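So the mapping is simple: the working numbering equals the position in the sequence shown, first residue as 1, plus 1.
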Amino acid sequence: QVQVVESGGGLVQAGGSLRLSCAASGSSFSPNYMAWYRQAPGKQLELVAAITSGSSTNYADSVKGRFTISRDDAKNTMWMQMNSLKPEDTADYYCKVEYFAIRLRSWGKGTQVTVSS
């Protein structure tokens, strides 16, 4: 059973920064794919950023140039540095990890980010 735990959320003023962390445990392998999703009140879940085991990344257009995703496979941890935060970035942020060989996908419980104007 893989456990995923997010941390780093909080309240910040517009223009500020936060760094989210996602730690995966319970597997001797590193995830093939790690991603951040977010869900704002009344809105659908959306992909924010993702990173593969080969460190290829992709970002939602709304966060390009402001958010940076990275990972450390030795620690099975992923981070997302969020700069120039906007009120529209307010949401619950969730981490998802995937292990392709064993067809396992696991989600964390989320961390809340609130950006005040």
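Note that CB positions come from ideal geometry on N, CA and C, so glycine has one too.
What you are looking at is a predicted structure, and each value in this text was computed from that prediction instead of being measured.
- Here D90 carries a helix assignment [DSSP, helix/strand/coil].
- Where L105 is concerned, the enclosing beta strand (DSSP E) starts and stops at 105 to 108.
- For G10, the closest alpha carbon among the candidates N59, R72, Q82 is that of Q82.
- Beta bridge pairing from DSSP links A51 with A36, N59.
- Here D73 is exposed, its C-beta having fewer than 16 other C-beta atoms within 10 Å.
- Rounded to the nearest whole angstrom, the C-alpha separation of W37 and S118 is 23 Å.
- Residue burial annotation: N77 is buried, with at least 16 other C-beta atoms found within 10 angstroms of its C-beta.
- Checking the DSSP bridge columns, you'll see A24 partnered with V6, T78.
- For S71, the enclosing beta strand (DSSP E) stretches over residues 68 to 73.
- A check of alpha carbon separations from R20 across W80, V116, L105 identifies W80 as the nearest.
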